[in-house]
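Student: Just so you know, we're using UniProt numbering here: the sequence shown kicks off at 1 and counts up by one. A virtual CB, placed ideally from N, CA and C, is assigned to each residue, including glycine. A quick note: this is a predicted structure, and the numbers were derived from the prediction, not measured.
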Amino acid sequence: MWSRPVSDRRKQEALNAPLDPRSPLVLDTRELGRRPGALKELSRTVPAPGDLGIEVIGVPEGASMELDLRLESVMDGVLVTGTARAPLTGECVRCLEPLEQQCEADFQELFSYPDADDRSRPADTGDDAEDEETFRLEGDLLDLEPVLRDAVVLSLPLQPVCREDCPGLCPRCGARLADDPDHDHNEAADIRWAALEGLADSMRGGEKAEDNDPRSDGDDSQEK
Ligand SMILES: [Zn+2]
Ligand SMILES: [Zn+2]
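Printed below as a string of structure tokens:
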């Protein structure tokens, strides 16, 4: 599945691609107002966007994500502090079995007012649109998705395991060691078996040699 790299998405955001106010991850700050100190707390459950994860683990698209959010009006914009909780599905990197976990990710990000830079920054640093860490309000709207995405992905285990002591797979035969705790390849027994097999081969070889004997016997008798 094709997914837009984060940097591209942010660039597009910087180019003020219009936000859809009906999107569950677009927040309207109109009620909050712009008076510094104004505070609004809200909780909402949203369907997880697609491609929210890494190769081995992630939030299934459409899964319920619980968001607890605090919007605070500050001088230059709206400070968003929040926690996201979502189910994770993935694969144990040791035994390759499917696994399910819960993810909890905290985040905090300042969304600047569209005109904040014009008021508070010198003109020569007006290249802020290039700064990937700058998030901006679009009118009264802000898009939480890139912030949420970064927070969730950063919270994911890079090496998820089904349980901390998962013994993984047998490196010799690939059996799940959790299913067979006594699983063992007894090296000494293997060597004995190899010796027995070698003996059996030589005996079979002898039989074959004897099978050929009638002709050689005949030759022998002719010679005698
Ligand atoms: Zn495992
Ligand atoms: Zn094995």
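Using the beta-carbon of each residue, find all residues closer than 6 Å to any heavy atom of ligand 2 and list them in chain order.
Tutor: Qualifying residues come out as Cys170, Arg172, Cys173, Ala175, His183, His185.
Student: Enumerate in chain order the residues of its own chain whose CB-to-CB distance from serine 43 is below 8 Å, with the five nearest sequence positions on each side excluded.
Tutor: Here residue 43 corresponds to residue number 43 of the sequence shown, with the count starting at 1. The answer, listed in chain order, is Glu66, Leu67, Asp68, Leu69.
Student: Roughly how many angstroms separate the alpha carbons of leucine 99 and glutamate 138, rounded to a whole number?
Tutor: As a position in the sequence shown, residue 99 is number 99, starting the count at 1. As a position in the sequence shown, residue 138 is number 138, starting the count at 1. Looking at the two C-alpha atoms, the distance is approximately 39 Å.
Student: Using only the heavy atoms of ligand 1, determine whether one of them is closer than 7 Å to the beta carbon of glutamate 72.
Tutor: Position 72 of the sequence shown, counting from 1, holds the residue named residue 72. False, no ligand heavy atom lies under 7 Å from that Cβ.
Student: What residues sit near ligand 1, counting only those whose C-beta is closer than 5 Å to one of its heavy atoms, in chain order?
Tutor: Residues with a Cβ closer than 5 Å to any heavy atom of ligand 1, in chain order: Cys92, Arg94, Cys95, Cys162, Cys166.
Student: Can you name, in chain order, every residue of its own chain whose Cβ lies under 8 Å from the Cβ of leucine 177, other than the five neighbours on each side?
Tutor: Start at 1 with the first residue of the sequence shown, and residue 177 comes out as number 177. Cys95, Pro167, Gly168, Leu169, Cys170, His183, listed in sequence order.
Student: Within its chain, find whatever has a CB closer than 7 Å to the CB of arginine 204; leave out the 5 residues flanking it on each side and keep chain order.
Tutor: Your numbering for residue 204 matches position 204 in the sequence shown. Here the set comprises nothing.
Student: Is serine 73 a contact residue of ligand 4, with contact defined as CB to any heavy atom under 7 Å?
Tutor: Absent from the structure shown: ligand 4. Ligands present: ligand 1 and ligand 2.
Student: For the putative contact between valine 153 and isoleucine 54, defined by C-beta atoms under 8 Å, what is the C-beta separation to the nearest angstrom?
Tutor: Counted from its first residue, the sequence shown places residue 153 at position 153. Counted from its first residue, the sequence shown places residue 54 at position 54. Indeed, because the Cβ distance is near 6 Å, the residues count as touching under 8 Å.
Student: Taking lysine 40 as the reference, which of Pro47, Leu32, Val46 has the closest Cα?
Tutor: Position 40 of the sequence shown, counting from 1, holds the residue named residue 40. Taking only the C-alpha atoms, the option nearest lysine 40 is Leu32.
Student: Output the distance between the C-alpha atoms of aspartate 28 and glycine 82, rounded to the nearest integer angstrom.
Tutor: Against the sequence shown, residue 28 aligns to sequence position 28. Against the sequence shown, residue 82 aligns to sequence position 82. Looking at the two C-alpha atoms, the distance is approximately 15 Å.
Student: Going by C-alpha distance, which of Pro18, Glu164, Pro21, Pro181 is nearest valine 93?
Tutor: Within the sequence shown, numbered from 1, the residue matching residue 93 stands at position 93. Minimum Cα distance to valine 93 is reached at Glu164.
Student: Check each candidate in Pro160, Asp201, Phe111 and name the one with the smallest Cα separation from leucine 58.
Tutor: Start at 1 with the first residue of the sequence shown, and residue 58 comes out as number 58. One point to set straight first is that residue 58 is glycine, not leucine, in the sequence displayed. Checked all of Pro160, Asp201, Phe111; the closest Cα to glycine 58 is Pro160.
Student: When DSSP labels each residue in this structure, what does valine 78 get in the three-state scheme?
Tutor: In the sequence shown, counting from the first residue as 1, residue 78 sits at position 78. Valine 78 falls in the strand class under three-state DSSP.
Student: With a floor of 4 residues, list each alpha helix (DSSP H) that falls wholly inside the region 144–173, ordered by position along the chain.
Tutor: Qualifying alpha helix (DSSP H) stretches, in chain order: 145–155.
Student: For alanine 48 versus alanine 105, is the C-beta spacing smaller than 8 Å?
Tutor: Residue mapping note: residue 48 aligns to position 48 of the sequence shown, counting from 1. Residue mapping note: residue 105 aligns to position 105 of the sequence shown, counting from 1. No; because the gap between Cβ atoms is not below 8 Å, this pair is not in contact.
Student: Are aspartate 143 and valine 56 closer than 8 Å when you measure CB to CB?
Tutor: As a position in the sequence shown, residue 143 is number 143, starting the count at 1. As a position in the sequence shown, residue 56 is number 56, starting the count at 1. Not a contact, by the Cβ cut-off of 8 Å.
Student: Please classify cysteine 173 as buried or exposed, where buried requires at least 16 neighbouring CB atoms within 10 angstroms.
Tutor: Your numbering for residue 173 matches position 173 in the sequence shown. That one is exposed.
Student: Alpha carbon to alpha carbon, how far is glycine 62 from leucine 110? Give it in angstroms, no decimals.
Tutor: Taking the sequence shown and counting its residues from 1, one reaches residue 110 at position 110. Taking the sequence shown and counting its residues from 1, one reaches residue 62 at position 62. Cα to Cα, the separation comes out at about 27 Å.
Student: Would you tell me roughly how many angstroms separate the C-alpha atoms of cysteine 103 and glycine 90, rounded to the nearest one?
Tutor: Counted from its first residue, the sequence shown places residue 103 at position 103. Counted from its first residue, the sequence shown places residue 90 at position 90. Near 12 Å, if we compare the C-alpha coordinates of glycine 90 and cysteine 103.
Student: My understanding is that glycine 77 touches serine 23, with C-beta atoms under 8 Å, so please give their C-beta distance in whole angstroms.
Tutor: Along the sequence shown, read from residue 1 onward, the residue named residue 77 stands at position 77. Along the sequence shown, read from residue 1 onward, the residue named residue 23 stands at position 23. In fact, because the Cβ distance is near 20 Å, the residues do not count as touching under 8 Å.
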